[in-house]
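Here the sequence shown stands for residues 1 to 246, numbered as in the UniProt record's numbering.
Yeah, the Cβ is synthetic: ideal placement off N, Cα and C, and Gly gets one too.
Taking it in order: structure first as structure tokens, then the write-up.
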Amino acid sequence: MSDKQQVKLIALDMDGTLLTPEHEVSERNKKAIQTALEQGIDVILSTGRSWDTCFPFAEELSLTSYLITANGGQIWTVEKELLQQHLLKTETVEKMYLLAKEKNMHCWMISTEKVFRGHAPDNLYDHQWLKFGCASEDKNKLDQMIKELSYNDELELTNSLPTNIEINPKGVSKAQALQFLCEKIGITMDNVMAVGDSLNDIKMIQEAGVGVAMGNAQVAIKKVANYTTDTNEEDGVGIAIEKYAL
Numbered sequence: 001m002s003d004k005q006q007v008k009l010i011a012l013d014m015d016g017t018l019l020t021p022e023h024e025v026s027e028r029n030k031k032a033i034q035t036a037l038e039q040g041i042d043v044i045l046s047t048g049r050s051w052d053t054c055f056p057f058a059e060e061l062s063l064t065s066y067l068i069t070a071n072g073g074q075i076w077t078v079e080k081e082l083l084q085q086h087l088l089k090t091e092t093v094e095k096m097y098l099l100a101k102e103k104n105m106h107c108w109m110i111s112t113e114k115v116f117r118g119h120a121p122d123n124l125y126d127h128q129w130l131k132f133g134c135a136s137e138d139k140n141k142l143d144q145m146i147k148e149l150s151y152n153d154e155l156e157l158t159n160s161l162p163t164n165i166e167i168n169p170k171g172v173s174k175a176q177a178l179q180f181l182c183e184k185i186g187i188t189m190d191n192v193m194a195v196g197d198s199l200n201d202i203k204m205i206q207e208a209g210v211g212v213a214m215g216n217a218q219v220a221i222k223k224v225a226n227y228t229t230d231t232n233e234e235d236g237v238g239i240a241i242e243k244y245a246l
């Protein structure tokens, strides 16, 4: 690895990447993260999850810097200071919710306070919205939903599994959040190692100096990554940190 690509920040997706299918961090992953931190490398979680479902893992791993949540919808310090936030228009969330319900899709919505799963709050307008997601095993329903949403150029569409769609405001991504943090820290995207498995990771993997796809990643992710590691059941994150960052 050239000096230009010396890793100073490691950005880790959580579900399907850092976490096992049982939503735990393996011992090898923990050890590799600990070693990276000891060597002065920033390790951050970069996830589609909400703050409250991400923070306990940051505590468990003794992370010291930043968290990217809701696919870049929010950027936090581990001291719980909110640095950046991007909101969806509530009327857009309402339209998407009604559309998903009409198609009998499972949906979830991340507000600035909590996650609503399967149902909306009594009044959507009482809340501020960061992200909307919907899922179906029926590919036709997913395709129809994508087609209908693609007419709205204010939206950023990705997924965290092949069976879902995740929606943020246009331009919001884990990559955009990482660029913001790089400027803050005084490094470039060349100094970043990004690891992920799904479409919501694709931009950060493309733009990072070291982009790593999980062994269980979607095909599109493996195509743009510099490297492919083992799966999330086989300590893929720990192995990638040992090989490409330490």
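Counting C-beta pairs with one atom in each stretch, the stretch 127-142 and the stretch 190-201 have fewer than three that are closer than 8 Å, which means they do not touch.
For Asn164, the pairing in a beta bridge is given by DSSP as Ala135.
By the Cβ criterion, the stretch 27-45 is not in contact with the stretch 97-111, since fewer than three pairs of Cβ atoms, one from each stretch, lie closer than 8 Å. Taking a contact as a CB-CB distance under 8 Å, the pair Glu233 and Thr20 counts as one, their CB atoms being some 6 Å apart. Looking only at Ala120, Ala208 and Phe57, the smallest Cα-Cα distance to Glu24 is reached by Phe57. In this structure, the CA atom of Leu9 is about 13 Å from the CA atom of Glu207. Around the Cβ of Glu60, a 10 Å sphere holds fewer than 16 other Cβ atoms; the residue is exposed.
In the structure shown, the three-state DSSP call for Pro56 is helix.
For secondary structure counted as the alpha helix (DSSP H) over 4 or more consecutive residues, the stretch 191-236 holds these complete runs in sequence order: 202-207 and 219-224. Between Lys131 and Ile110, the C-beta spacing is below 7 Å. In the structure shown, Glu27 adopts helical secondary structure according to DSSP, grouped into three states.
The beta-bridge partner set that DSSP reports for Met105 is empty. By the criterion of at least three beta-carbon pairs nearer than 8 Å, the stretch 172-188 is not in contact with the stretch 221-231. Bridge pairing for Trp76: Leu67 and Leu82 [DSSP]. Counting the other CB atoms within 10 Å of its CB gives Leu82 a total below 16, which places it among the exposed residues.
For Ala175, the uninterrupted alpha helix (DSSP H) segment begins and ends at Lys174 to Ile185. In the DSSP annotation of this structure, the continuous segment of the beta strand (DSSP E) that includes Arg117 starts and ends at Val115 to Arg117.
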